[in-house]
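Q:
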Amino acid sequence: MSDIATLAGLTAFQRDVLMTTAELGASHGLGIKSRVEEHYETEINHGRLYPNLDTLVEEGLVEKSSRDRRTNEYRVTERGRDLLRSNGKRYLSAAAGVEMAGGAN
Numbered sequence: 001m002s003d004i005a006t007l008a009g010l011t012a013f014q015r016d017v018l019m020t021t022a023e024l025g026a027s028h029g030l031g032i033k034s035r036v037e038e039h040y041e042t043e044i045n046h047g048r049l050y051p052n053l054d055t056l057v058e059e060g061l062v063e064k065s066s067r068d069r070r071t072n073e074y075r076v077t078e079r080g081r082d083l084l085r086s087n088g089k090r091y092l093s094a095a096a097g098v099e100m101a102g103g104a105n
């Protein structure tokens with residue numbers, strides 16, 4: 001496990017998978033895949049999704065457990081939630097700054 005302290009340490013796709021996993025709660029890979037596809041408006045293949053989920057597991061941001069013999073379940077860990085919370089505050093602060101400056105023109 002490396003020391004990813006910000007979402008900047010993840011690829012954009014890994015960030016989106018992490019955020020989607022947090023939104024869904026405990027979910028299987030196909031559920032995560034379907035939700036990510038809604039955001040990307042394109043099909044995401046298994047060869048892209050599962051290696052990135054595995055990376056998030058290795059980084060300690062997502063935990064993987066067996067739902068049954070064929071299905072794994074993924075959920076965001078406390079470390080992953082902390083990372084999302086701290087970055088969420090940053091985005092909210094930036095959005096407030098845009099509003100105070102008169103909006104984005």
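Here the sequence shown is numbered in UniProt numbering, starting from 1 and rising by one per residue.
Using N, Cα and C, we set each Cβ at its ideal position, and we do this for glycine too.
In this text the structure is predicted, and so the values were computed from the model without any measurement.
#1: Rounded to the nearest angstrom, what separates L7 and A22 at their Cα positions?
#2: Does the structure place the region 10-26 close enough to the region 55-64 that three or more beta carbon pairs sit under 8 angstroms?
#3: Quick one: what's K64 bridged to in DSSP?
#4: For I32, report the span of its alpha helix (DSSP H) as first-last.
#5: For N45, which of helix, strand or coil comes out of DSSP?
#6: Helix, strand or coil for G97 per DSSP?
#7: Is there a Cβ from chain C that is less than 8 angstroms from the Cβ of N87?
#8: On the criterion of 16 or more Cβ atoms from any shown chain inside 10 Å, does G9 qualify as buried, or is it exposed?
#9: Per DSSP, what kind of secondary structure is E23 in: helix, strand or coil?
A: A quick look at the data gives this:
#1: 14 angstroms
#2: yes
#3: Y74
#4: 29-40
#5: coil
#6: helix
#7: Any reference to chain C falls outside this structure, which holds one protein chain only.
#8: exposed
#9: helix
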